[in-house]
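A.B. asks:
Numbering (this note's numbering), first residue to last: 1 to 131.
(1) Would you mind reading off the limits of the alpha helix (DSSP H) that contains residue 62?
(2) How far does the alpha helix (DSSP H) with residue 47 in it extend, from its first residue to its last?
(3) Here's a check: name, in chain order, each residue in its chain whose Cβ is nearer than 6 Å to the Cβ of residue 115, leaving out the five neighbours to either side.
(4) Report the rounded CA-to-CA distance for residue 112 versus residue 57, giving the unit in angstroms.
(5) Taking the C-alpha atoms as reference points, what is the distance between residue 105 and residue 129?
(6) Helix or strand or just coil, what does DSSP make of residue 55?
(7) So, for residue 44: in the same chain, excluding its five sequence neighbours on each side, which residues have a beta-carbon less than 6 Å away from its beta-carbon?
(8) Beta-carbon within less than 8 Å of residue 97's beta-carbon, same chain only, minus the 5 sequence neighbours each way: which residues are those?
(9) Looking only at its chain, what residues have a beta carbon closer than 6 Å to the beta carbon of residue 40, apart from the 5 residues adjacent to it on each side?
(10) What is the rounded straight-line gap between the Cα of residue 79 and the Cα of residue 103?
Rendered as structure tokens:
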């Protein structure tokens, strides 16, 4: 009888040990996701490095009509439609295209999160009630 009651304790102990081993990873991930995205100057540098070579005023007719070199990132509301397109293309990995220099995952995620936060803030400040 003593052996039977021992098995549930061993299982519970194993589960507890596994949970304790995973806890630091969960906390670390939660801390990473709470870090604020970088500022406009940092995001401008990302666009300049990875996007503006193709998407600029000089080449905009050749590359989907996008000129990212003239976008004022401090005024996301003025460029909302364009920035929404940038977010979609970068998030899905369509941009920068394969074979071109691409940002690492953290840089890409920071850009997307920052642009989304700016667009959300602009939309909240000027809600569109519809018709």
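We put the beta carbon where it would ideally sit given N, CA and C, even for glycine.
This structure is a prediction, so every number in the text was calculated from the model and none was measured.
C.D. replies: Here's the rundown:
(1) Taking the chain shown and counting its residues from 1, the one referred to as residue 62 is at position 62. Careful: residue 62 lies outside any alpha helix (DSSP H) and carries neither H nor E.
(2) Against the chain shown, residue 47 aligns to sequence position 47. Going by DSSP, residue 47 is part of the alpha helix (DSSP H) stretching over 40–50.
(3) Numbered from its first residue, the chain shown carries residue 115 at position 115. Non-local beta-carbon contacts of residue 115 in its own chain, meaning distances under 6 Å to residues more than five positions away in sequence, involve 83 and 87 in chain order.
(4) Residue mapping note: residue 112 aligns to position 112 of the chain shown, counting from 1. Residue mapping note: residue 57 aligns to position 57 of the chain shown, counting from 1. Approximately 22 Å, taken between the alpha carbons.
(5) Numbered from 1 along the chain shown, position 105 holds the residue referred to as residue 105. Numbered from 1 along the chain shown, position 129 holds the residue referred to as residue 129. Rounded to whole angstroms, residue 105 and residue 129 show a C-alpha spacing of 36 Å.
(6) Against the chain shown, residue 55 aligns to sequence position 55. Looking at residue 55 - three-state DSSP - the assignment turns out to be coil, as it is neither helix nor strand.
(7) Working through the chain shown from its first residue, we reach residue 44 at position 44. If we look at residue 44 and ignore the five residues flanking it on each side, its Cβ neighbours are 73.
(8) Position 97 of the chain shown, counted from the start, is the residue given in the question as residue 97. Apart from sequence neighbours up to five positions away, no residue of its chain approaches residue 97 with a beta-carbon distance below 8 Å.
(9) The residue labelled residue 40 in the question sits at position 40 within the chain shown. For residue 40, the CB contacts under 6 Å within the same chain, skipping 5 residues up- and downstream, are 73 and 74 in chain order.
(10) For this step, residue 79 is matched to residue 79 along the chain shown. For this step, residue 103 is matched to residue 103 along the chain shown. Looking at the backbone, the Cα of residue 79 and that of residue 103 are separated by about 22 Å.
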